[in-house]
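> Below are the structure tokens for one structure; questions will follow.
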Ligand SMILES: [Zn+2]
Ligand SMILES: [Zn+2]
């Protein structure tokens, strides 16, 4: 995991580029969250880190390919992820209670900056989490699975719908015939 010390940042700032492999990413992420995705590629990150008084300014980019599962048809699919971010880190000790709010605002982060150390890998992983769609879909208009027979309606239409209508129709006919 990439960690830098804030007092090692030169006046003109620091530009870094690093790559992390799937196994170390998963090991890290599983430590604090439920994981329902996988990495198809290593995570490629870039960051420019600047010091401004007591604050640390970070501009960066994360890029990888994720493997997600479609919520409708349950098929796994490849999801290219590429996201730019900007963060301002404040030197703070008590971090956990304000974390949620700060993450939403996206400009105040203290968890990644403790005792003069900036946890760049953790920042990159957090960006990946933020970019994962809440309800992943393999395609925008995925038809999903038939609730009755479970067949993938993207591949073929099952006969369930037809059968149901057929039954209702013949019941009606019986009624009329009486
Ligand atoms: Zn789907
Ligand atoms: Zn069906």
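Residue numbers (our numbering): 240 to 417. Glycine included, C-beta positions come from ideal geometry on N, C-alpha and C. Note that the structure is predicted; figures quoted are calculated from it, not measured.
1) Using the beta-carbon count (16 or more within 10 Å), is residue 328 buried or exposed?
2) Between the alpha carbons of residue 373 and residue 390, how many angstroms are there, rounded?
3) DSSP state of residue 307, grouped into three classes?
4) Would you say residue 385 and residue 397 are within 7 Å of each other, going by their C-beta atoms?
5) Nearer than 6 Å: is that true of the beta carbon of residue 419 relative to any heavy atom of ligand 1?
6) Under 7 Å Cβ to Cβ from residue 260, same chain only, skipping five residues before and after it: list those, please.
7) Taking DSSP as the reference, what is the three-state secondary structure of residue 396?
8) Taking Cβ positions, are residue 244 and residue 355 nearer each other than 7 Å?
9) Check each candidate in 298, 271, 267 and name the one with the smallest Cα separation from residue 253.
10) Just tell me which of 316, 394, 376, 359 has its CA closest to the CA of residue 418.
11) Buried or exposed: which applies to residue 307, given that a residue is buried once 16 or more other Cβ atoms fall within 10 Å of its Cβ?
12) Per the DSSP calculation, residue 370 is bridged to which residue(s)?
13) Where residue 241 and residue 256 are concerned, what is the direct C-alpha to C-alpha distance, given to the nearest angstrom?
14) Considering only C-alpha positions, which residue in the set 394, 330, 388 is nearest to residue 246?
15) May I ask which residues mark the beginning and end of the beta strand (DSSP E) holding residue 356?
16) For the beta strand (DSSP E) that contains residue 283, what are its first and last residues?
17) Nearest CA to the CA of residue 273: which residue from 376, 292, 371?
Let me spell this out:
1) As a position in the chain shown, residue 328 is number 89, starting the count at 1. Its Cβ being crowded by 16 or more others within 10 Å, residue 328 is buried.
2) Indexing the chain shown from 1 puts residue 373 at position 134. Indexing the chain shown from 1 puts residue 390 at position 151. When rounded, the distance between both Cα atoms is 24 Å.
3) Along the chain shown, read from residue 1 onward, the residue named residue 307 stands at position 68. Correct three-state label for residue 307: strand.
4) Your numbering for residue 385 matches position 146 in the chain shown. Your numbering for residue 397 matches position 158 in the chain shown. In this structure, the beta-carbon distance from residue 385 to residue 397 falls below 7 Å.
5) The structure shown does not extend to residue 419, since the chain is modelled only from 240 to 417, so the question has no answer here.
6) Taking the first residue of the chain shown as position 1, residue 260 is located at position 21. Closer than 7 Å at the Cβ level, and outside the excluded window around residue 260, lie 281.
7) By one-based count along the chain shown, residue 396 stands at place 157. Collapsing the DSSP output to three states places residue 396 in coil.
8) As a working note, residue 244 is residue 5 in the chain shown. As a working note, residue 355 is residue 116 in the chain shown. Yes, Cβ-Cβ distance for residue 244 and residue 355 is below 7 Å.
9) Position 14 of the chain shown, counted from the start, is the residue given in the question as residue 253. Considering only alpha carbons, the answer is 298.
10) Lying before the first or after the last residue shown, residue 418 is absent from the chain, which here runs from 240 to 417.
11) Working through the chain shown from its first residue, we reach residue 307 at position 68. Classification for residue 307: buried.
12) Here residue 370 is taken as the residue at index 131 of the chain shown, counted from 1. Answer is none; residue 370 lacks a bridge partner.
13) Position 2 of the chain shown holds residue 241. Position 17 of the chain shown holds residue 256. Using only the alpha carbons, I get a separation of about 10 Å.
14) For the purposes of this step, residue 246 is taken as the residue at position 7 of the chain shown. Nearest C-alpha to residue 246: 330.
15) On the chain shown, position 117 is the one that residue 356 refers to. If you look at residue 356, you'll find it in the beta strand (DSSP E) that goes 356-358.
16) In the chain shown, residue 283 corresponds to position 44, counting from 1. Here the beta strand (DSSP E) through residue 283 covers 282-291.
17) Indexing the chain shown from 1 puts residue 273 at position 34. Residue 371 is the option with its Cα nearest to residue 273.
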